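Each residue of the sequence shown is one higher than the one before, counting from 7 in my numbering. We treat Cβ as the ideally placed atom computed from N, Cα and C, and that holds for glycine. Please read these numbers as outputs of a predicted model, since none were measured by experiment. To start, the structure itself, in structure tokens.
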Amino acid sequence: MIRSITKQKPFEEVLELLSGLDRIFLAGCGTCTTLCRTGGMPEVLEMASKLGEKGKIVTGQMVIPVACDELTHEAVEDHKQAFSEAEAVLMMSCAYGVQTMSKQVGLPAIPALDTLFVGKEMGLGRFDEVCTQCGSCVLGLTGGICPVTACHKGLLNGPCGGTNNGKCEIDSDKDCAWTLIYLKLKEQGKLDLMRKYHDLRNHNVEPKPGKIRLPLE
Ligand code: SF4
Ligand code: SF4
Numbered sequence: 007m008i009r010s011i012t013k014q015k016p017f018e019e020v021l022e023l024l025s026g027l028d029r030i031f032l033a034g035c036g037t038c039t040t041l042c043r044t045g046g047m048p049e050v051l052e053m054a055s056k057l058g059e060k061g062k063i064v065t066g067q068m069v070i071p072v073a074c075d076e077l078t079h080e081a082v083e084d085h086k087q088a089f090s091e092a093e094a095v096l097m098m099s100c101a102y103g104v105q106t107m108s109k110q111v112g113l114p115a116i117p118a119l120d121t122l123f124v125g126k127e128m129g130l131g132r133f134d135e136v137c138t139q140c141g142s143c144v145l146g147l148t149g150g151i152c153p154v155t156a157c158h159k160g161l162l163n164g165p166c167g168g169t170n171n172g173k174c175e176i177d178s179d180k181d182c183a184w185t186l187i188y189l190k191l192k193e194q195g196k197l198d199l200m201r202k203y204h205d206l207r208n209h210n211v212e213p214k215p216g217k218i219r220l221p222l223e
């Protein structure tokens with residue numbers, strides 16, 4: 007399953023973001039950050055206790071089932087009183103949840119987490135980025151392995167000179183993406199694709215912010 011992968015900001019940074027704000031509502035997310043253990047109920051309770059030690063008043067707390075969902079509105083309604091007493095909402099969700107909350111309440115929504123990447127759960131507690139959504143997919147030419155994401159240098163035209171026995175020169179625990187691509191293409195009888203030259207990546211495939219409008223009737 008694809009998840010929004012996060013890490014907690016250093017507590018000092020959270021305090022800095024909350025400077026001048028004394029009454030805080032705390033909200034986690036029941037999906038991605040619960041899974042990453044960055045914003046589920048145990049982390050929300052721990053944050054509440056740490057904020058309390060620093061003299062902050064936690065007016066209320068909750069874990070929204072899906073913080074990036076528009077139904078966040080209902081969760082806010084359920085805690086109306088606690089929100090009305092707060093000066094800010096500290097969000098222990100990914101950035102999608104922060105932005106959703108920001109639209110729902112008239113209070114500043116402050117992120118307690120950094121959103122790192124959209125990743126796939128590869129096993130218990132293990133999340134790997136598999137696609138950076140570059141907008142110009144080359145998987146059809148690289149044996150289904152993404153060099154943009156899996157190679158530390160994002161190389162499109164074969165390996166750098168640092169490949170070492172199939173491991174990456176930047177992270178020796180990590181397989182070299184281009185070695186994996188080579189082995190996969192060999193297995194598929196498509197090694198000729200290794201000789202295909204890829205043009206420089208077009209970084210302007212979709213102007214930011216990305217927007218798709220389907221021509222619906
Ligand atoms: S090339 Fe890689 S980053 Fe780009 S769309 Fe394909 S899988 Fe995603
Ligand atoms: S060793 Fe392989 S994965 Fe690492 S930077 Fe070079 S080509 Fe990319």
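Here the alpha carbons of M7 and G36 stand approximately 15 Å from one another.
Within the region 44-75, the complete beta strand (DSSP E) segments at least 3 residues long are 63-70, listed from N- to C-terminus.
Uninterrupted alpha helix (DSSP H) stretches at least 4 residues long and entirely within the region 71-109 occur at 78-84 and 86-90, given in chain order.
Between G103 and A73 the beta-carbon gap is near 3 Å, inside 8 Å, which marks them as a contact. As summarised for the region 123-182, the continuous beta strand (DSSP E) elements at least 3 residues long and confined to that stretch are 132-135, given in chain order.
Proximity to P16 across P48, K56 and L51 peaks at K56, based on C-alpha coordinates.
T40 places its beta carbon 9 Å or farther from that of L122.
For ligand 1, a non-hydrogen atom lies closer than 8 Å to the CB of G141. Relative to the non-hydrogen atoms of ligand 2, the Cβ of E135 never comes closer than 8 Å to any of them.
If you draw a straight line from the Cα of K159 to the Cα of I187, it is about 15 Å long. Separation of D177 and Y203 (C-alpha to C-alpha, rounded to the nearest whole angstrom) is 26 Å.
In this chain, the alpha helix (DSSP H) harbouring L23 covers F17 to L23.
In this structure, the C-beta of P165 stays at least 8 Å away from each heavy atom of ligand 1. K13 has D120 as its beta-bridge partners, per DSSP. Counting the other Cβ atoms within 10 Å of the Cβ of V211 gives fewer than 16, which makes it exposed.
Between the region 24-36 and the region 95-112 there are three or more C-beta pairs closer than 8 Å, enough to call the two in contact. Just measuring C-alpha positions, the residue of I70, D198 and C140 sitting nearest K214 is C140. Counting C-beta pairs closer than 8 Å gives three or more between the region 60-71 and the region 41-52, which meets the contact rule. The alpha carbon of L119 has as its nearest neighbour, out of L222, H209, G150 and C42, the alpha carbon of C42. The Cβ atoms of L197 and L147 do not sit closer than 9 Å to each other. Here DSSP, grouped into helix, strand and coil, assigns I30 to strand.
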